[in-house]
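For any residue, its number in my numbering is found by taking its place in the sequence shown, counting from 1, and adding 12.
Backbone N, C-alpha and C define an ideal beta-carbon position, used for all residues, glycine too.
This one's a predicted model, so the numbers in the text were calculated from it and none came from an experiment.
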Amino acid sequence: MALLTMVPLQVLAALPEVVIEIRDHLFIPQTVQIPPNKKVRLVFINHDPSPEEIDSFDLNREKVIFGNGKGSIFVGPLPNGRYKFFGELHPNSAVGYVIVTDKEATGAD
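Written out as structure tokens, the structure is:
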């Protein structure tokens, strides 16, 4: 039974992680790339003094990140595709995308 309780901790530590910063009600970077069919932790670091509510109908996730705070959202495993997320409190400026692909990012769009 002890082994079963340790497995989730080991799996959690091995999860891929992507950091997204919130500055001036913008996501930086606006687009992140993750591998298909794997669980990934999206870490949001809010540098603004005001909170932001991360919302995504595509990812079926919602989370408040307090001002000058940090929070995580777990996504996946997901098939290849483009998944939108946005800041509910600043929906015109805080818009981002998770791109799920098995191709490596080249930096050129």
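Grab me the residues of D121's own chain with a C-beta within less than 8 Å of its C-beta, minus the 5 sequence neighbours each way, in chain order. Position 109 of the sequence shown, counting from 1, holds the residue named residue 121. Any reading at D121 must be qualified, since the residue scores a pLDDT of 44, below 50, and its modelled position is unreliable; no value is offered.
Could you tell me the alpha carbon to alpha carbon distance between V52 and G79, rounded to whole angstroms? The residue given as residue 52 occupies position 40 in the sequence shown. The residue given as residue 79 occupies position 67 in the sequence shown. C-alpha separation (whole angstroms): 23 Å.
Taking just the CA atoms, how far does Q42 sit from N49? What you label residue 49 is simply residue 37 of the sequence shown in a count that begins at 1. What you label residue 42 is simply residue 30 of the sequence shown in a count that begins at 1. Using only the alpha carbons, I get a separation of about 22 Å.
What residue from L71, D60 and P28 has the CA that sits closest to I40's CA? Position 28 of the sequence shown, counted from the first residue, corresponds to residue 40. Ranking L71, D60 and P28 by Cα distance to I40 puts D60 first.
Identify the residues that DSSP records as bridge partners of S68: which are they? Position 56 of the sequence shown, counted from the start, is the residue given in the question as residue 68. Answer is R73, bridged to S68.
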